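**Q** In the numbering used here, each residue's number is its place in the sequence shown (first place is 1) plus 6. A single structure is presented below for examination.
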Amino acid sequence: KIKKIKIAEKYNSATINYISGNKANVKKELIEIINEKDTAYSPLALYFIIDNNIESNNEEINKYFDILINEVKLDKEIKNLIIFKKGLFNSDFETENNLISILNPLINSKSVWKSHALYLMAEYFYSKNQKQKAKEFYNQILTLENSNENIKLEVQKKLRRDFGE
C-alpha cells in the first residue's frame, strides 16, 4: 500500500511539473513509473508520455507498451485495451503485417475490443485505398456476435455509402 502511494505521488508530481513548465526530469520519472509495473499508474504514465509527445521514438514507446502488455498483472480486458491502443498508436506508421501482428491477439479472441481492432484494420486498409481488404474486415464486424453497436452502425453506413451495399 505504501509503495502504491509513493508511485501515485511520483506520478502526480511528474504531471504537475510538466504542466507547470518544469519538464526537466519528467520523462525519466514517467519511465520509472512504467517500470514499476503498477496496474494503475504504469498505463497512466505511458498515456501521459504519448499524449504530451514526451518521447518521440516510436520504438521506445512500443517497448513501454510491451512492458504493460507482458509484465504488468492486468485484468484481461484492460490488457486487451492496451493492445488496441498499441495498434492505434502504430496505425499511422507501421506496415500491414506489423499492425496485424500487434492486433492479432484481439482479432483472434472474443474480447470486447475485437470489433474495435477489426475496425482499425478496416480503416487502415481503407486509408491505403485497399478497398477489398477493408471490406473483408468491415464484414467481419457485421457478423460478430458481441460487436460494438456504434462501430456496427458506422460500418453499415460506410458499406452503403462507399461500397453500394
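The beta carbon of each residue, even a glycine, is placed where N, CA and C say it ideally should be. Owing to the predicted nature of the structure, the values given are computational and were not obtained by experimental measurement.
(1) May I ask which residues mark the beginning and end of the alpha helix (DSSP H) holding G93?
(2) Taking only beta-carbon positions, decide if E100 is within less than 7 Å of chain C.
(3) Verify whether the separation of the beta carbon atoms of F112 and K120 is less than 7 Å.
(4) According to DSSP, simplified to helix, strand and coil, what is K9?
(5) Sorted by chain position, which residues of the same chain lie with C-beta nearer than 7 Å to T101's C-beta, five sequence neighbours on each side aside?
(6) Could you check which residue in A140, F131 and I89 has the C-alpha nearest to that of S117?
(7) Measuring CB to CB, does L74 end up less than 7 Å from A51?
(8) Is N96 buried or exposed, if buried means 16 or more other CB atoms sit within 10 Å of its CB?
(9) In the structure shown, what three-state DSSP assignment does T21 receive?
(10) Does the beta-carbon of S48 have 16 or more other beta-carbons within 10 angstroms, so that it is buried, or is it exposed?
(11) Could you say which of K158, V161, N41 and S62 lies nearest to D72 if we only look at CA atoms?
(12) Apply the 10 Å Cβ neighbour rule to I13 and answer buried if 16 or more other Cβ atoms are within range, or exposed otherwise.
(13) At the level of alpha carbons, what is the spacing between F143 and A128?
(14) Candidates N114, S153 and N103: which alpha carbon is nearest S122's?
(15) Using beta-carbon positions only, say whether I84 and Y125 come within less than 7 Å of one another.
**A** Let me spell this out:
(1) K82 to N96
(2) No chain C is part of this structure, which consists of one protein chain only.
(3) The sequence shown places Leu at residue 112, not Phe. Yes, the pair counts as a contact, with Cβ atoms nearer than the cut-off.
(4) helix
(5) Excluding sequence neighbours, T101 sits near nothing in its chain.
(6) I89
(7) no
(8) Under this definition N96 is a buried residue.
(9) helix
(10) buried
(11) N41
(12) buried
(13) 5 Å
(14) In the sequence as displayed, the identity of residue 122 is His instead of Ser. Cα-wise, what sits closest to H122 is S153.
(15) no
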